[in-house]
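**Student:**
Residue numbers (my numbering): 1 to 366.
#1: Helix, strand or coil for residue 283, going by three-state DSSP, please let me know.
#2: So for residue 47, helix, strand or coil by DSSP?
#3: How would you call residue 295, buried or exposed, if buried means at least 16 neighbouring beta carbons within 10 angstroms?
#4: Does the beta-carbon distance from residue 59 to residue 197 come in below 8 Å?
#5: Would residue 304 and residue 220 qualify as a contact pair, given that the criterion is a beta-carbon distance under 8 Å?
#6: Which term fits residue 155, buried or exposed, when burial requires 16 or more other beta carbons within 10 angstroms of its beta carbon?
#7: How is residue 367 classed by DSSP in three states: helix, strand or coil?
#8: Pairing CB atoms from the region 251-267 with CB atoms from the region 180-197, are three or more of them under 8 Å?
#9: Count the other CB atoms, across all protein chains shown, that sit within 10 Å of the CB of residue 126; report buried if there are 16 or more and exposed otherwise.
#10: Return yes when the Cβ of residue 190 is within less than 8 Å of the Cβ of residue 274, no when it is not.
#11: Confirm, please, whether the CB-CB distance from residue 95 to residue 291 is below 8 Å.
#12: In the DSSP output, what is residue 219 paired with across the bridge?
#13: How many Å lie between residue 161 and residue 173 at the Cα?
#14: Give me, in chain order, the residues of the same chain whose beta-carbon lies closer than 6 Å to that of residue 222; leave out the 5 immediate sequence neighbours on both sides.
#15: Look at the alpha carbon of residue 352 and the alpha carbon of residue 109, and state the distance between them as a whole number of angstroms.
#16: From the DSSP output, in three-state form, read off residue 136 for me.
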């Protein structure tokens with residue numbers, strides 16, 4: 001599996017944000033499948049509504065990655081439009097082996113079926129978000145998301161806090177490693193294509209990161225007896241550069257906001273979902289959109305999703321790239337911010353759409 005260094009723990013790794021400990025949703029369901037505690041019930045205006053937008057799902061762009069790799073102009077153009085109009089796309093022919101995807105799904109399913117005391121061996125500490133539990137909980141009054149999560153920083157390896165990595169099922173650490181390496185390779189190549197559509201050399205975007213950091217979050221959404229009253233993950237945009245998500249094939253739960261409607265992103269077997277993060281929106285001065293999205297629950301089946309976040313080193317200063325600012329208006333939508341400050345500021349608040357991006361906005365436009 002490579003050097004021993006891969007699985008050594010490091011106390012010097014950065015911490016990100018504290019989160020208030022809250023109940024485990026999966027356990028609540030085991031105790032009483034019909035119970036939906038008040039702390040999870042959304043205000044009527046925040047609930048998933050009955051309007052079915054699934055007919056728009058087929059409009060979410062699908063990019064053939066094998067064509068992108070060849071520098072196909074038409075596919076690059078599709079990518080450009082997807083990043084501008086949707087901020088989301090699904091990737092097919094992405095090169096991540098089917099068995100790698102399946103092994104990750106099987107291992108995660110086994111992990112979430114473990115007894116609570118086993119999962120709690122890697123429970124999140126009071127000062128950080130690595131481990132098993134809930135992030136972005138900042139107060140006891142906050143309405144909670146209908147999900148549990150496992151969150152790990154996977155790259156660079158010296159940022160790993162291995163005491164928060166699961167030991168069971170057997171081999172899960174190696175499976176996370178193998179999956180994350182494959183996703184990282186895909187993410188790196190996607191960033192090269194995004195660099196091209198932004199009018200730069202292929203390696204330019206990667207260079208701007210100083211170091212490409214990678215975090216991994218597995219979300220577990222138990223079934224809910226009143227799915228129309230809860231939200232699996234609150235509406236938010238991602239603080240990453242890009243996010244690559246694997247969905248469960250048979251269960252839809254991801255929705256993105258498009259023209260003020262919530263559009264479901266129906267899983268395409270073996271495809272991966274990619275979305276533009278806040279960092280690309282800032283570097284592109286708002287040309288490419290980091291879109292609000294959320295996850296909804298359903299009443300009969302648990303759902304698991306697997307999100308890999310790629311983002312810059314803490315010390316990187318993010319601001320619109322000169323050539324992305326319109327030469328006539330010269331209007332800059334974002335000011336310069338240090339990425340580490342931006343990331344922690346957003347993690348220290350509850351998820352509320354794009355409210356966290358205000359700290360990076362030029363005041364006159366806020």
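Cβ atoms here follow ideal geometry from the backbone N, Cα and C, with glycine treated the same way.
**Tutor:** According to the structure shown:
#1: Here residue 283 corresponds to residue number 283 of the chain shown, with the count starting at 1. Secondary structure at residue 283: helix, using DSSP grouped into helix, strand and coil.
#2: Here residue 47 corresponds to residue number 47 of the chain shown, with the count starting at 1. It is coil, neither helix nor strand.
#3: One-based indexing of the chain shown puts residue 295 at position 295. Around the CB of residue 295, 16 or more other CB atoms lie within 10 Å, so the residue is classed as buried.
#4: Residue numbering aside, residue 59 sits at position 59 when the chain shown is read from its first letter. Residue numbering aside, residue 197 sits at position 197 when the chain shown is read from its first letter. No. Outside cutoff.
#5: As a position in the chain shown, residue 304 is number 304, starting the count at 1. As a position in the chain shown, residue 220 is number 220, starting the count at 1. Cβ distance < 8 Å, so residue 304 and residue 220 count as in contact.
#6: Start at 1 with the first residue of the chain shown, and residue 155 comes out as number 155. Result: buried.
#7: Outside the modelled stretch of the chain, which goes from 1 to 366, sits residue 367, for which no answer is possible.
#8: With a cut-off of 8 Å on Cβ pairs, the region 251-267 is not in contact with the region 180-197, counting fewer than three such pairs.
#9: Taking the chain shown and counting its residues from 1, the one referred to as residue 126 is at position 126. Counting other Cβ atoms within 10 Å of its Cβ, residue 126 stays below 16 and is therefore classed as exposed.
#10: Counted from its first residue, the chain shown places residue 274 at position 274. Counted from its first residue, the chain shown places residue 190 at position 190. Going by beta carbons, residue 274 and residue 190 fall inside the 8 Å limit.
#11: On the chain shown, residue 291 is found 291 positions in, with the first residue counted as 1. On the chain shown, residue 95 is found 95 positions in, with the first residue counted as 1. With contacts defined by Cβ atoms closer than 8 Å, residue 291 and residue 95 do not form a contacting pair.
#12: Residue 219 sits at position 219 when you count from the first residue of the chain shown. Note: residue 219 sits in a beta bridge opposite 149 and 305.
#13: The sequence position of residue 161 within the chain shown is 161, counting from 1. The sequence position of residue 173 within the chain shown is 173, counting from 1. Straight-line Cα distance between these residues: approximately 12 Å.
#14: Sequence index remark: in the chain shown, residue 222 carries index 222 (1-based). Excluding positions up to five away in sequence, the list reads 25, 26, 29 and 302.
#15: As a position in the chain shown, residue 352 is number 352, starting the count at 1. As a position in the chain shown, residue 109 is number 109, starting the count at 1. Their Cα atoms are separated by approximately 29 Å.
#16: What you label residue 136 is simply residue 136 of the chain shown in a count that begins at 1. Note: residue 136 maps to coil in three-state DSSP.
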